[in-house]
Amino acid sequence: MTQVVSSPDHDVSAVLERQERRKVAAGLYERGEEALFGMGHTAKDFDEAREYFEDAAKLGYGRAFWRLGWMRMLGQGLPASALGATAIWEAGVERQDRFCWGELACRRAIAGDAGGAVVAWQSFFQSTELFAEEEEIDLGWLVCRYLECWKAFRLEPLMVESVGCFATEARRAAVEMIRGYEAKLGREQAARDPTWRLATNALLVLGELFSAKRGS
Numbered sequence: 034m035t036q037v038v039s040s041p042d043h044d045v046s047a048v049l050e051r052q053e054r055r056k057v058a059a060g061l062y063e064r065g066e067e068a069l070f071g072m073g074h075t076a077k078d079f080d081e082a083r084e085y086f087e088d089a090a091k092l093g094y095g096r097a098f099w100r101l102g103w104m105r106m107l108g109q110g111l112p113a114s115a116l117g118a119t120a121i122w123e124a125g126v127e128r129q130d131r132f133c134w135g136e137l138a139c140r141r142a143i144a145g146d147a148g149g150a151v152v153a154w155q156s157f158f159q160s161t162e163l164f165a166e167e168e169e170i171d172l173g174w175l176v177c178r179y180l181e182c183w184k185a186f187r188l189e190p191l192m193v194e195s196v197g198c199f200a201t202e203a204r205r206a207a208v209e210m211i212r213g214y215e216a217k218l219g220r221e222q223a224a225r226d227p228t229w230r231l232a233t234n235a236l237l238v239l240g241e242l243f244s245a246k247r248g249s
């Protein structure tokens with residue numbers, strides 16, 4: 034039986050093709066974000082964003098599944114559905130997207146699947162996926178939500194070392210969330226908001242974890 038061996042030229046061509054596909058997908062994703070976070074927030078904007086994200090997802094761009102999942106959750110250009118959002122994030126984790134792992138972990142915790150949530154959070158923290166500077170806040174906020182899940186659903190053990198790797202991003206995300214809500218609502222009203230409380234509690238947990246560690 035003749036063994037077929039790929040030529041070096043063929044291998045290089047395949048790598049270049051994958052790089053080009055990712056470049057195109059990243060461009061589509063960026064245009065989707067521009068449409069999603071533009072000034073209008075109209076149905077047309079959401080439809081345009083969804084189309085860009087769907088095209089990026091078809092090219093295997095994992096982060097596009099994360100955005101599509103949230104659009105499904107919030108009913109932005111898609112019918113609102115938590116189950117539908119979860120299915121999209123499940124598709125995203127097949128592309129090894131870290132953010133989709135985080136969202137899936139939260140959904141599993143809410144559904145009462147503590148074991149599945151822990152496994153998903155482990156995959157989130159163990160991911161070697163690189164993230165852009167502009168994604169640090171989103172990454173940090175997912176870490177804050179992990180701390181909330183750990184506390185609310187007793188997801189033992191607490192992944193202290195993993196959290197420590199992203200503590201800076203988590204603190205920054207929590208502080209920005211607190212400031213944003215207080216600027217919009219005023220401190221008294223903001224303090225009654227679940228998101229403000231989540232951010233505040235995350236800062237407290239981060240302080241307790243890492244100040245105690247430094248003192249030991």
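Heads up: the sequence shown at position 185 corresponds to 218 in the numbering used here, and the numbers run straight through without jumps. Cβ coordinates follow ideal geometry from the N, Cα and C atoms, glycine included.
Among the options, nearest to residue i - alpha-carbon criterion
i    : options          : result
A185 : R140, A203, G213 : R140
L69  : L49, V45, R105   : R105
E123 : F98, I143, L111  : F98
E84  : E66, M72, L236   : E66
F243 : A58, C198, E215  : C198
Presumed contact (8 Å Cβ cut-off) between residue i and residue j, rounded CB distance
i    : j    : result
G125 : G102 : 7 Å
S160 : W134 : 6 Å
L111 : A89  : The pair is not a contact, with the Cβ atoms about 15 Å apart (cut-off 8 Å).
C177 : L231 : 6 Å
Local conformation of residue i per DSSP, three classes
i    : result
R247 : Annotation note: pLDDT 48 at R247 (below 50); position unreliable, coordinate value reported separately. Three-state result, R247: helix.
M72  : coil
T35  : Summary for T35: the model assigns pLDDT 49, below 50, so the residue's position carries little reliability, and this model does not support an answer.
P227 : helix
D44  : helix
A113 : coil
Terminal residues of the alpha helix (DSSP H) in which residue i lies
i    : result
A82  : 76-91
R187 : No alpha helix (DSSP H) contains R187, which DSSP labels as neither H nor E.
E167 : Segment: none, E167 is in no alpha helix (DSSP H) and carries neither H nor E.
Y94  : No alpha helix (DSSP H) holds Y94; DSSP gives it neither H nor E.
A138 : 131-143
G213 : 200-218
G149 : 147-159
Chain E contact for residue i (CB, 8 Å cutoff)
i   : result
A59 : Reference to chain E is not applicable here, since this structure consists of a single protein chain.
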